[in-house]
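Asker: Numbering (this note's numbering), first residue to last: 3 to 330.
From the three backbone atoms N, C-alpha and C, an ideal C-beta is built for every residue, glycine too.
Here's a structure for you.
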């Protein structure tokens with residue numbers, strides 16, 4: 003019987019991960035680079051995404067591989083981080099061959115909204131994107147918690163920033179036989195976060211005492227009138243990585259199945275105030291069943307969400323899950 007076991011992100015070959023952040027300003031970025039190019043798909047289910055080059059991942063688009071993905075803070079302002087990634091790749095001759103002495107790197111990006119956390123005038127930019135690429139070298143510098151795109155992440159914001167909690171970025175990777183599947187996710191949701199294994203709420207909308215939870219879904223039900231602006235932007239953004247060989251169409255499906263991981267762990271999810279997005283990338287040639295891969299993608303995504311919350315440290319005046327646990 004083939005058994006699955008947990009592995010480290012670094013055990014998945016063909017991709018590099020680097021992070022950079024401005025801790026004082028409460029924002030950062032996480033980059034995923036493939037020197038040889040990676041096949042990729044995308045599924046966006048939130049109503050307010052901030053993204054760049056998303057149409058490259060449409061199965062009808064000509065490009066069959068991309069060279070970088072950026073997850074970042076800064077909302078639409080932070081999309082400039084991809085410029086630094088493109089510069090880094092161009093300097094190393096990595097990109098799409100257009101018949102010229104230069105190659106054009108294909109870089110996609112999705113951003114979360116963290117402008118209400120630190121300094122709203124400081125966002126991920128070209129320099130930060132470039133720094134994250136440098137940090138991806140020699141094994142990378144990826145860590146769960148208040149790093150990279152998770153630096154300014156928060157959750158439970160339906161009643162405003164005064165009652166939300168600090169979140170972060172998280173990861174999980176498993177192997178079944180030769181098949182490897184991983185997820186990395188920056189959790190910045192409007193809703194509450196639940197442990198997918200136990201159903202326990204682990205972060206989200208705080209009660210007025212700041213020591214217990216309120217239920218976001220119940221609070222939403224208290225008034226059926228339309229709310230045009232649910233206080234801020236939000237967005238949970240993630241990447242599924244596998245060494246299985248899939249084309250863009252199947253990777254889009256796998257990304258869609260991975261959204262089940264969001265649904266297990268975040269309530270409410272996929273709202274108009276969120277830009278919830280998942281990329282799925284293939285960096286290997288292992289033959290594997292798509293449905294198995296998608297099912298496992300949802301599981302590692304849920305676990306990565308749990309770890310993003312539990313790895314977060316209190317910052318910017320927002321408590322983290324570990325603080326509430328200490329108070330019990």
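Can the beta-carbon of residue 194 be found less than 8 Å from the beta-carbon of residue 207?
Answerer: In this structure, residue 207 lies closer than 8 Å to residue 194 by Cβ.
Asker: Can you say whether residue 219 is buried or exposed, counting buried as having 16 or more other CB atoms within 10 angstroms of its CB?
Answerer: Exposed, by the Cβ-count rule.
Asker: What do you reckon, are the CB atoms on residue 374 and residue 262 nearer than 8 Å?
Answerer: With the chain covering 3 to 330 only, the question about residue 374 has no answer from this structure.
Asker: Where residue 295 and residue 58 are concerned, what is the direct C-alpha to C-alpha distance, given to the nearest angstrom?
Answerer: Those two C-alpha atoms are separated by around 22 Å.
Asker: Can you tell me whether residue 51 is buried or exposed, with buried defined as 16 or more other CB within 10 angstroms of its CB?
Answerer: Residue 51 should be labelled buried.
Asker: Roughly how far, in whole angstroms, is the beta-carbon of residue 6 from the beta-carbon of residue 119, given that I think they are within contact range, below 8 Å?
Answerer: Going by Cβ atoms, the distance from residue 6 to residue 119 rounds to 36 Å, so no, they are not a contact pair.
Asker: So, for residue 12: in the same chain, excluding its five sequence neighbours on each side, which residues have a beta-carbon less than 8 Å away from its beta-carbon?
Answerer: Only 141 and 142 meet the Cβ criterion.
Asker: May I have the straight-line CA-CA distance separating residue 81 from residue 54, to the nearest angstrom?
Answerer: Residue 81 and residue 54: Cα-Cα distance of roughly 7 Å.
Asker: If you draw a straight line from the alpha carbon of residue 64 to that of residue 167, how long is it in whole angstroms?
Answerer: The straight-line gap from Cα to Cα measures roughly 42 Å.
Asker: Looking only at C-alpha atoms, which of 146, 268, 44 and 289 sits nearest to residue 245?
Answerer: For residue 245, the nearest C-alpha among the options comes from 289.
Asker: What whole-angstrom Cβ distance do residue 285 and residue 260 have, given they're in contact under 8 Å?
Answerer: With 8 Å as the limit, residue 285 and residue 260 do not qualify as a contact, their Cβ atoms being about 16 Å apart.
Asker: Enumerate in chain order the residues of its own chain whose CB-to-CB distance from residue 305 is below 6 Å, with the five nearest sequence positions on each side excluded.
Answerer: Contacts found: 174.
Asker: Would you say residue 153 and residue 240 are within 8 Å of each other, going by their C-beta atoms?
Answerer: No; because the gap between Cβ atoms is not below 8 Å, this pair is not in contact.
Asker: Starting from residue 265 and walking both ways along the alpha helix (DSSP H), at which residues does that stretch end?
Answerer: Residues 250–267.
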